[in-house]
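Enquirer:
There are 2 protein chains.
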Amino acid sequence: MQPPFHRLEEFVPLAAAELALVTGWAAAARWVERGHSIRREGDPVNGVFFLMEGWVSSSMMLRDGRRQIVKVHLAGDMLGFPSLSLAQAGESLDAITDARVCTVSNRVLGRLVTDAPRLAIGLMLSTQKERVNLMRQLSWVGATSSTERLAAFLLDLHDRLSAAGMALDGGFDFPLTQQQVGELLGLTPVHINRTFRTLDGTGYIRRSKGRITIADFRGLRGLSANGTAPFAGQAAWTRLGEPAR
Amino acid sequence: MQPPFHRLEEFVPLAAAELALVTGWAAAARWVERGHSIRREGDPVNGVFFLMEGWVSSSMMLRDGRRQIVKVHLAGDMLGFPSLSLAQAGESLDAITDARVCTVSNRVLGRLVTDAPRLAIGLMLSTQKERVNLMRQLSWVGATSSTERLAAFLLDLHDRLSAAGMALDGGFDFPLTQQQVGELLGLTPVHINRTFRTLDGTGYIRRSKGRITIADFRGLRGLSANGTAPFAGQAAWTRLGEPAR
DNA sequence: CGCGTCTTTGAGTCGCTTCAATGTCTGTGG
DNA sequence: CCACAGACATTGAAGCGACTCAAAGACGCG
Numbered sequence: 008m009q010p011p012f013h014r015l016e017e018f019v020p021l022a023a024a025e026l027a028l029v030t031g032w033a034a035a036a037r038w039v040e041r042g043h044s045i046r047r048e049g050d051p052v053n054g055v056f057f058l059m060e061g062w063v064s065s066s067m068m069l070r071d072g073r074r075q076i077v078k079v080h081l082a083g084d085m086l087g088f089p090s091l092s093l094a095q096a097g098e099s100l101d102a103i104t105d106a107r108v109c110t111v112s113n114r115v116l117g118r119l120v121t122d123a124p125r126l127a128i129g130l131m132l133s134t135q136k137e138r139v140n141l142m143r144q145l146s147w148v149g150a151t152s153s154t155e156r157l158a159a160f161l162l163d164l165h166d167r168l169s170a171a172g173m174a175l176d177g178g179f180d181f182p183l184t185q186q187q188v189g190e191l192l193g194l195t196p197v198h199i200n201r202t203f204r205t206l207d208g209t210g211y212i213r214r215s216k217g218r219i220t221i222a223d224f225r226g227l228r229g230l231s232a233n234g235t236a237p238f239a240g241q242a243a244w245t246r247l248g249e250p251a252r
Numbered sequence: 008m009q010p011p012f013h014r015l016e017e018f019v020p021l022a023a024a025e026l027a028l029v030t031g032w033a034a035a036a037r038w039v040e041r042g043h044s045i046r047r048e049g050d051p052v053n054g055v056f057f058l059m060e061g062w063v064s065s066s067m068m069l070r071d072g073r074r075q076i077v078k079v080h081l082a083g084d085m086l087g088f089p090s091l092s093l094a095q096a097g098e099s100l101d102a103i104t105d106a107r108v109c110t111v112s113n114r115v116l117g118r119l120v121t122d123a124p125r126l127a128i129g130l131m132l133s134t135q136k137e138r139v140n141l142m143r144q145l146s147w148v149g150a151t152s153s154t155e156r157l158a159a160f161l162l163d164l165h166d167r168l169s170a171a172g173m174a175l176d177g178g179f180d181f182p183l184t185q186q187q188v189g190e191l192l193g194l195t196p197v198h199i200n201r202t203f204r205t206l207d208g209t210g211y212i213r214r215s216k217g218r219i220t221i222a223d224f225r226g227l228r229g230l231s232a233n234g235t236a237p238f239a240g241q242a243a244w245t246r247l248g249e250p251a252r
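Structure representation (structure tokens):
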């Protein structure tokens with residue numbers, strides 16, 4: 008199976024040398040078992056990570072022990088970028104399923120601007136995309152009901168899995184526990200359960216163990232409070248004047 | 008009054024040529040009146056903005072008309088970066104007070120990597136910082152009570168104003184309406200009001216029109232659910248190997 | 001003075017939480 | 001191959017925090 012570079016090339020196509028570079032990262036991947044941490048809040052920031060395979064959550068802990076999952080990462084995502092601005096890591100990265108990740112050290116990152124300028128710009132745009140996604144999630148959590156929230160999340164997840172070739176006919180693997188979904192959407196696991204039951208009771212989705220199928224896209228989209236974000240793809244790069252040769 | 012470049016230099020000190028560049032931006036500033044938009048959701052993405060003076064909100068609209076304010080920007084902030092990844096702007100930028108902003112065009116941005124590499128890296132780190140802040144806000148909104156949320160927001164705001172020299176002895180101007188605070192924290196204006204009254208009834212803060220004073224930092228911090236994020240400052244740059252000459 | 005915007009207050013309701021118990025599945029060891 | 005433990009899902013009942021609806025102050029401005 009080829010490494011999931013689709014996210015890296017979403018905004019800027021990679022030059023041959025750059026492709027070689029990231030292929031080099033991929034060679035040094037390591038396995039992390041389900042439930043184990045890739046990096047914990049407070050750990051030193053030695054670099055960022057590239058997720059080759061599996062699902063990983065990025066979360067922050069509150070003082071009272073409550074946890075907010077900030078994002079569920081899929082294969083192809085870069086992890087840990089935000090902590091570059093911090094003295095110690097501000098987010099925990101935990102493997103939801105068994106996961107394969109490789110580390111991109113600070114040193115390599117620092118050289119990226121000169122060694123792989125197109126990749127650097129691509130990562131910058133990718134980071135902005137993550138910010139948009141965070142803003143969208145914030146708006147779900149801040150301003151919508153549990154049904155709207157869950158609907159929006161499932162649709163978003165489907166789109167992302169779909170882009171990675173991991174969804175077929177609206178169906179996809181779903182390894183998250185209801186507890187985790189709750190921590191992501193700011194709801195209790197109990198209420199997540201009732202909301203799930205509402206959605207599949209109404210026929211919007213179907214569930215079997217470890218798997219979800221979206222049965223009625225139109226209906227779900229009707230529930231969800233905001234549409235799909237119009238990411239610009241390569242146009243974002245062109246717009247900047249394709250500065251990196 | 009000198010332009011608020013403190014945010015631009017938080018992570019990487021600017022070279023003389025770079026300082027000249029941003030001073031050039033500042034020369035072309037324009038005024039935006041309180042209540043008016045700098046850019047609306049759906050507008051074309053012609054560049055980003057630098058906020059010279061005043062308060063600006065960045066918000067997303069949901070289909071049902073509800074609005075989520077994603078961030079309150081202060082003088083020195085860069086605005087509109089996330090929309091670089093989008094085909095049309097995904098966020099509205101609205102002047103909360105009269106504001107002075109200048110535009111940084113796509114073309115200028117595109118050249119930044121080669122023309123002002125240190126600034127480019129500084130902006131990249133700054134963007135990561137914004138991501139951390141967004142994550143923190145998400146965790147407030149997703150997992151804390153109204154009191155904790157408001158306390159955390161006021162403390163955070165104070166710290167930011169303080170860094171810009173706009174707070175004295177815990178006191179600062181506060182031009183937001185309770186409606187806007189509600190849209191920011193995911194609560195109704197009515198409930199924001201009651202929460203405010205609780206906070207100043209208990210003596211944590213004092214309010215007079217358009218102004219807030221934090222009277223009991225220790226107490227407020229006790230309410231707030233997470234501490235201050237440990238931003239790395241110049242160390243973040245050093246860690247990357249100071250790659251940009 | 002009068003109008004619009006914002007703040008404050010009260011009363012009633014609802015969505016989500018809490019607490020608690022039961023059901024179901026999976027893996028594991030005897 | 002069955003018994004059992006642990007993790008997860010499901011369900012019910014009761015409570016509470018935040019919302020809704022509504023009305024009345026307070027302030028600023030023309």
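Top to bottom, those sequences are chains A and B.
Quick note on my numbering: the first sequence kicks off at 8 and runs consecutively.
Quick note on my numbering: the second sequence kicks off at 8 and runs consecutively.
Positions of the beta carbon are idealized from the N, C-alpha and C atoms, including for glycine.
Bear in mind the structure is a predicted one, so any value in this text is a computation, not a measurement.
1. Using the beta-carbon count (16 or more within 10 Å), is B/R70 buried or exposed?
2. Is A/V111 helix, strand or coil by DSSP?
3. Please classify A/F238 as buried or exposed, where buried requires at least 16 neighbouring CB atoms within 10 angstroms.
4. Determine whether the Cβ of A/M142 lies closer than 8 Å to any Cβ atom of chain B.
5. Which residues, in chain order, does the stretch 35-56 of chain B contribute to contact with chain A at a C-beta distance below 8 Å?
6. Mind checking whether A/A123 and B/L91 have CB atoms under 8 Å apart?
7. Applying the criterion that 16 or more other CB atoms from any shown protein chain within 10 Å of the CB defines a buried residue, is B/P89 buried or exposed?
8. For the putative contact between B/E40 and B/A102, defined by C-beta atoms under 8 Å, what is the C-beta separation to the nearest angstrom?
9. Helix, strand or coil, according to DSSP, for B/A251 in the structure here?
10. Measuring straight from C-alpha to C-alpha, what distance separates A/G61 and A/I219?
11. With burial defined as no fewer than 16 other Cβ atoms inside 10 Å of the residue's Cβ, what is the status of A/K78: buried or exposed?
12. According to DSSP, simplified to helix, strand and coil, what is A/L175?
13. Starting from the N-terminal side, write out each stretch of the alpha helix (DSSP H) that is 4 residues or longer and does not extend beyond the stretch 185-237 of chain B.
14. DSSP three-state call for A/S99: helix, strand or coil?
15. For B/I199 versus B/L161, is the C-beta distance shorter than 8 Å?
16. Give me the chain B residues within the contact set of A/V77, using Cβ-Cβ distance strictly less than 8 Å, ordered along the chain.
17. Express the C-alpha separation of A/G248 and A/S66 in angstroms, rounding to a whole number.
18. Closest to B/T205 by C-alpha separation, out of B/A236, B/T245, B/L157 and B/R143, would be which residue?
19. Counting C-beta neighbours from all protein chains within 10 Å, is the total for A/P10 16 or more, i.e. buried, or is it exposed?
20. Under 8 Å between the Cβ atoms of A/V111 and A/W32?
21. On a Cα-Cα basis, can you pick out the residue from B/E98, B/R118 and B/R37 that is closest to A/T245?
22. Relative to the C-alpha of B/G42, which candidate in B/Q75, B/I76 and B/D105 has its C-alpha closest?
23. For a cutoff of 8 Å on Cβ pairs, would you count A/E16 as touching chain B?
24. Closer than 8 Å by beta-carbon distance: list the chain A residues that pair up with B/G248, in chain order.
25. Could you check whether B/D166 and B/G217 sit closer than 8 Å to each other, using their CB atoms as the reference points?
26. Any idea what DSSP makes of B/F88, helix, strand or coil?
27. I'd like to know if B/G139 contacts chain A, where contact means its C-beta is closer than 8 Å to some C-beta of that chain.
28. Using a Cβ cut-off of 8 Å (strictly closer), state whether B/A251 contacts chain A.
29. Since A/S238 meets chain B, which of its residues come closer than 8 Å, beta carbon to beta carbon?
30. Quick one: is B/A174 buried, meaning 16 or more other Cβ sit within 10 Å of its Cβ, or exposed?
31. Excluding the 5 residues flanking A/R252 on each side, which residues of the same chain have their C-beta closer than 8 Å to its C-beta?
32. Taking the alpha helix (DSSP H) that B/Q135 falls in, what are its first and last residues?
33. Does the Cβ of B/R143 have 16 or more other Cβ atoms within 10 Å, making it buried, or fewer, making it exposed?
34. Can you list, in chain order, the residues of its chain with a C-beta nearer than 7 Å to that of B/P182? Leave out the 5 residues immediately preceding and following it.
35. Alpha carbon to alpha carbon, how far is B/R37 from A/L168? Give it in angstroms, no decimals.
Expert: By the coordinates alone:
1. exposed
2. strand
3. buried
4. yes
5. V52
6. no
7. buried
8. About 6 Å; that satisfies the 8 Å criterion.
9. Residue confidence is low: B/A251 scores 49 on pLDDT, short of 50, so the model does not pin down where it sits. Its coordinate-derived value is still stated next. B/A251 falls in the coil class under three-state DSSP.
10. Between the alpha carbons of A/G61 and A/I219 lies a distance of about 17 Å.
11. Buried: at least 16 other Cβ atoms inside 10 Å.
12. strand
13. 185-192, 196-208 and 224-230
14. strand
15. It is not a contact, given that the beta carbons lie outside the stated cut-off.
16. M142, L145 and S146
17. 36 Å
18. Per the Cα distances, B/L157.
19. buried
20. yes
21. B/R118
22. B/D105
23. no
24. N113, R114, G117 and R118
25. No. Outside cutoff.
26. Assigned with DSSP and collapsed to three states, B/F88 falls in helix.
27. A quick correction: the sequence has Val, not Gly, at residue 139 of chain B. Yes, B/V139 lies at the interface with chain A (some Cβ there is under 8 Å from its Cβ).
28. For B/A251, the predicted structure reports a pLDDT of 49, less than 50, and the residue's modelled location is therefore unreliable. A value from the coordinates is still provided. So yes, B/A251 belongs to the interface.
29. The question names Ser, yet the displayed sequence has Phe at residue 238 of chain A. Residues of chain B passing the Cβ test: S92, L93 and A94.
30. buried
31. Any reading at A/R252 must be qualified, since the residue scores a pLDDT of 47, below 50, and its modelled position is unreliable; the value itself is stated next. Excluding residues within five positions, the ones whose Cβ falls inside 8 Å are P124.
32. Unbroken alpha helix (DSSP H) run through B/Q135: P124 to A150.
33. With 16 or more other Cβ atoms within 10 Å, it is buried.
34. Contacts found: W62, I103, T104 and G217.
35. 43 Å
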